[in-house]
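Here is the structure we will look at, set down as structure tokens.
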Amino acid sequence: MRKLIAFMILGCCFSCDLFVSKEKKTQELVNQEMRAINWNDVDNYPLFESCDESTSKTSQRECFETELLNHFSATLQEFEFVIGPDMDTTVFVDFLIDQEGKLTVVHIQKDKAIDKVMPEFDGIISQSLRNLPPLAPALKRGIPVRVKFRIPIVLNRN
Numbered sequence: 001m002r003k004l005i006a007f008m009i010l011g012c013c014f015s016c017d018l019f020v021s022k023e024k025k026t027q028e029l030v031n032q033e034m035r036a037i038n039w040n041d042v043d044n045y046p047l048f049e050s051c052d053e054s055t056s057k058t059s060q061r062e063c064f065e066t067e068l069l070n071h072f073s074a075t076l077q078e079f080e081f082v083i084g085p086d087m088d089t090t091v092f093v094d095f096l097i098d099q100e101g102k103l104t105v106v107h108i109q110k111d112k113a114i115d116k117v118m119p120e121f122d123g124i125i126s127q128s129l130r131n132l133p134p135l136a137p138a139l140k141r142g143i144p145v146r147v148k149f150r151i152p153i154v155l156n157r158n
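Next comes the structure, spelled out in structure tokens:
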């Protein structure tokens, strides 16, 4: 009998999991899962109506980028930008697509000379992006999330 009691006491001492609550175990599992998620990547890219949501992630990205650049190019071709002979430069436009698919321009990185030659440039870029067709937001684990993108615009004399 003494052996049985000693064995039970030792068993209880070494099996600490018996005393851990279900809530704590659940929280530990949630924490492990949260650490395993790559928060710098989305499961589904923002999609235009013409893009197929059932395709692979790579195809979704290609469709998003193609549609975005096609719209952007078409809009910018309506304007005639006049730059100096030595102004071959690249402008970077940072924008955010929120959980509802709404786009906001965050920052436009450009040379100061562009502001002198084309003071309306920022407004044209912002308006072009605001006039995009409706977008479905990016998804992470089935939940709509915000995503930030950067697109380059090459300005040259051609």
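Counting from 1, one number per residue, gives the positions in the sequence shown under full-length UniProt numbering.
Note that CB positions come from ideal geometry on N, CA and C, so glycine has one too.
For L103 and I125, I'd like the C-alpha separation in whole angstroms. 12 Å
Does the Cβ of S128 have 16 or more other Cβ atoms within 10 Å, making it buried, or fewer, making it exposed? buried
Count the CB pairs spanning the stretch 59-73 and the stretch 128-143 that are closer than 8 Å, and state whether there are at least three. yes
Smallest Cα separation from V154: which of K25, R146, K22, V91? For V154, the nearest C-alpha among the options comes from V91.
Thinking C-beta only, is L139 closer than 8 Å to I97? Contact annotation: I97 and L139 have beta-carbon atoms that are not nearer than 8 Å.
Buried or exposed, going by whether 16 or more other CB atoms sit within 10 Å of the CB of F79? exposed
Just reading off the beta strand (DSSP E) that T104 is part of, what are its end residues? 103-109
How many Å lie between D111 and P119 at the Cα? 12 Å
Element boundaries [beta strand (DSSP E), containing L155]: 147-155
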